[in-house]
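Novice: Chains as they are written, first to last, in this note's numbering: chain Y, 18 to 358; chain D, 18 to 358. From the three backbone atoms N, C-alpha and C, an ideal C-beta is built for every residue, glycine too. These numbers were taken from a predicted model, which means no experiment stands behind them.
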């Protein structure tokens, strides 16, 4: 099982990528025979490898000169940055040189490049990015779309629901994940025209559709898969990602008030850390790009070694399951009225 | 200063309404000469009053037989529930019997009824509801629209920005509040067609427009006024409102793990409570209905006496300032290209 890792993607590349790969090798059963293909500048990768003990890691290096930055326009990568680690890694996967691709780089660039190089699964109008949210339950919630498609038609949202449900079912071993349509009220009469039409499609579908869900239902895990357009999804995701930092800042402000407060905050720190850890998005193994002919896991630019580890483990998991085959089969069997396209 | 209070609005009405009014009377300087007009079923209100010491509260009771429920369709109130506390209270305010109206009832019903009975301020296309969010700074952020208008055109969003900025400036005594357009990226090229056009309008405006802001910027208070449509706003608001409950549930789950964990959680409880209190939406004095010819403050159905108190205090504050006059003056001076309507 070879996983192509964009070694230059994250903000702390390639150090975190190398360390994450070593952690992944430790956490995956040896029967999987994981090989990480570091894609990027060989000298940089070797320098990072020289700082750590990589003796337990099976790896190879696939040299790529160029780097896609966070500010690069996604659509330009295919034209102007074919020598980048991002492009070369996806190409390697497309050519069969790896069974999956992982990057903590420019999300839009991975999305656009993967769609063009890997192609879409038959029947998919638009690939989408899902994102996991922690919940009060033992299993997380998957929000889809988390920012890839800002203008969506009912058919697109319907496809997101199908892809999200299949991914959730396969990766979290839940037979019929609960699918909810993110809306401003539970009643079926609520929402924009697009949301109302999507509701109809979902209700007629074979999905385990539980109806409209609201913003408050996400962290309480009232559904497993929350469907929305990428504009709403991206804003909620970034809002959610800010919570830990805000709480830490608030607690620090409190500790700075005096000696006794500092002691109280110090006493609660270990417990609180455990609680907040469950809200740490680093733990959730990156976000999947769904609907492309391949396996692509995208992580935050600030991904820690632990986050990189989880992304590689996730890519191995997805690659060993039949997510894309199920998406193709399900979409092929759909009959959707054309006026809902 | 008479404030009409919908005594039957909240989930714990009229008990919480009566207790909140007493708290408000204690916290407002006696020079204000606050009189709370309880609007609703006289017998119920008297029963609630009999349980408490209302000797410091100047009040009157304005009887109304009917009640608007949380499930009532907002548009039906004006036709079918003219004897409700909600309708009667707004009517009393419209007729000059009170200088403001406060309700913890059906938000949509207050919005619709207030718009019809009080009328819109000249120049306002659509009244809007703003909502305050706590931030890491000393002042909160105002999100507008928080759920009143789900389909918005650039002109509407522009008006929300103006009304929000004036309200923020007047109520929080900030001369030029920072206005941000909620979007999926900071670059001016990001967003839907409607958001892109709104960006142009805001950039040409006299507002202190700081550009696009993202979901993560809300709790960090990167702007004072965050502008978005009511679909996005409502989902973020409800998501945000769920955070305290989710954290409490997580902490409880942790405490249930064993004796030592229970002690650790117990030790941190007082400190954490103070920190979480700053995230308690009850503290923020309800949400203002902006753009109507009057003063209407709307609270959560679950409003505590403390929340009702803050709403009454806020209504007094708004009524004593010239928010609506400034909105009218500013909108009258606008020149907006008609193709952006």
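So what does residue 76 of chain D bridge to, in DSSP terms?
Specialist: D/53
Novice: Which residues in the same chain have their Cβ closer than 7 Å to the Cβ of residue 347 of chain Y, if we skip the five residues on either side of it in sequence?
Specialist: The answer, listed in chain order, is 179, 183.
Novice: One question on the structure: do residue 185 of chain Y and residue 218 of chain Y come within less than 7 Å of each other, judged by their Cβ atoms?
Specialist: no
Novice: Could you check whether the Cβ of residue 233 of chain D sits closer than 6 Å to any heavy atom belonging to the ligand GDP?
Specialist: No copy of the ligand GDP appears in this structure; indeed no ligand is present at all.
Novice: Give me the chain D residues within the contact set of residue 266 of chain Y, using Cβ-Cβ distance strictly less than 7 Å, ordered along the chain.
Specialist: 153
Novice: I want to verify the contact list: residues of chain Y whose CB lies under 7 Å from the CB of residue 258 of chain D, in sequence order.
Specialist: Within chain Y, the residues near residue 258 of chain D are 233.
Novice: Would residue 127 of chain Y count as contacting chain D if we go by Cβ distances under 7 Å?
Specialist: no
Novice: With distance defined between alpha-carbon atoms, name the residue in Y/49, Y/74, Y/106 nearest to residue 25 of chain Y.
Specialist: Y/106
Novice: So what's residue 61 of chain Y in DSSP terms, helix, strand or just coil?
Specialist: helix
Novice: Could you give the C-beta distance for residue 53 of chain D and residue 22 of chain D, rounded to a whole number, given that I count them as a contact under 8 Å?
Specialist: 5 Å
Novice: Among the candidates Y/223, Y/227, Y/241, Y/245, whose CA atom is the shortest distance from the CA of residue 212 of chain Y?
Specialist: Y/245
Novice: Name the two residues that bound the continuous alpha helix (DSSP H) containing residue 195 of chain Y.
Specialist: Here residue 195 of chain Y belongs to no alpha helix (DSSP H); instead the beta strand (DSSP E) covers 195-199.
Novice: Residue 340 of chain Y to residue 160 of chain D, Cα distance in whole Å?
Specialist: 39 Å
Novice: Could you tell me which chain Y residues have their CB closer than 8 Å to the CB of residue 291 of chain D, listed as they occur along the chain?
Specialist: 271
Novice: Using 10 angstroms around the beta-carbon of residue 171 of chain D, count the other beta-carbons present and answer buried if the total reaches 16, otherwise exposed.
Specialist: buried
Novice: Compare the Cα-Cα distances from residue 323 of chain D to each of D/29, D/33, D/304, D/291 and report the closest residue.
Specialist: D/33
Novice: Whether or not the segment 121-136 of chain D and the segment 311-327 of chain D are in contact is what I'm after, with contact meaning three or more pairs of Cβ atoms, one per stretch, closer than 8 Å; do they touch?
Specialist: yes
Novice: So, using beta-carbon positions, are residue 146 of chain Y and residue 165 of chain Y closer together than 7 Å?
Specialist: yes
Novice: Could you tell me the boundaries of the beta strand (DSSP E) in which residue 158 of chain Y lies?
Specialist: 158-161
Novice: Which residues does DSSP pair with residue 83 of chain D in a beta bridge?
Specialist: D/101
Novice: By the 10 Å Cβ neighbour count, where 16 or more other Cβ atoms means buried, how is residue 258 of chain Y classified, buried or exposed?
Specialist: buried
Novice: Are the Cβ atoms of residue 154 of chain D and residue 228 of chain D separated by less than 7 Å?
Specialist: no
Novice: Assign residue 67 of chain D to one of two classes, buried (16 or more other C-beta atoms within 10 Å of its C-beta) or exposed (fewer than that).
Specialist: Residue 67 of chain D should be labelled exposed.
Novice: Whole-angstrom Cβ separation of residue 39 of chain Y and residue 74 of chain Y, contact assumed at under 8 Å?
Specialist: 5 Å
Novice: Of all the options D/334, D/240, D/265, D/254, which has the alpha carbon lying nearest to the alpha carbon of residue 46 of chain D?
Specialist: D/334
Novice: In chain Y, which residues lie less than 8 Å from residue 145 of chain D when you measure between Cβ atoms?
Specialist: Under the 8 Å cutoff, chain Y gives no residues; its nearest Cβ is about 14 Å from residue 145 of chain D.
Novice: Is there a C-beta anywhere in chain Y that falls below 7 Å from the one on residue 251 of chain D?
Specialist: yes
Novice: Helix, strand or coil for residue 355 of chain Y? Go by DSSP, reduced to three states.
Specialist: At residue 355 of chain Y the pLDDT is 47, less than 50, meaning the model places this residue with poor confidence; the figure from the coordinates comes in the next sentence. When secondary structure is reduced to three states using DSSP, residue 355 of chain Y falls in the helix class.
Novice: When you compare each of D/56, D/114, D/129 to residue 92 of chain D by their alpha carbons, which one comes out closest?
Specialist: D/129
Novice: Between the beta-carbon of residue 135 of chain Y and the beta-carbon of residue 310 of chain Y, is there less than 7 Å?
Specialist: yes
Novice: If you reduce the DSSP assignment to three classes, tell me which class residue 305 of chain Y lands in.
Specialist: strand
Novice: Go through its chain and collect everything with a Cβ distance to residue 358 of chain Y's Cβ below 7 Å, but skip five positions before and after it.
Specialist: Only weak support exists for where residue 358 of chain Y lies, its pLDDT of 46 falling under 50; the value from the coordinates is given anyway. For residue 358 of chain Y, where only same-chain residues beyond five positions count, the Cβ hits under 7 Å are 170, 172.
Novice: Which same chain residues end up closer than 6 Å to residue 132 of chain D when comparing Cβ atoms and leaving out the 5 residues on each side of it in sequence?
Specialist: 144, 309
Novice: Could you tell me whether the Cβ of residue 263 of chain D comes closer than 7 Å to any Cβ of chain Y?
Specialist: yes
Novice: What are the start and end residues of each continuous alpha helix (DSSP H) run of 4 or more residues lying completely inside the segment 91-179 of chain Y, in chain order?
Specialist: Counting only runs of 4 or more, we get 94-97, 102-111, 124-135.
Novice: Counting C-beta neighbours from all protein chains within 10 Å, is the total for residue 101 of chain Y 16 or more, i.e. buried, or is it exposed?
Specialist: Per the 10 Å Cβ criterion, buried.
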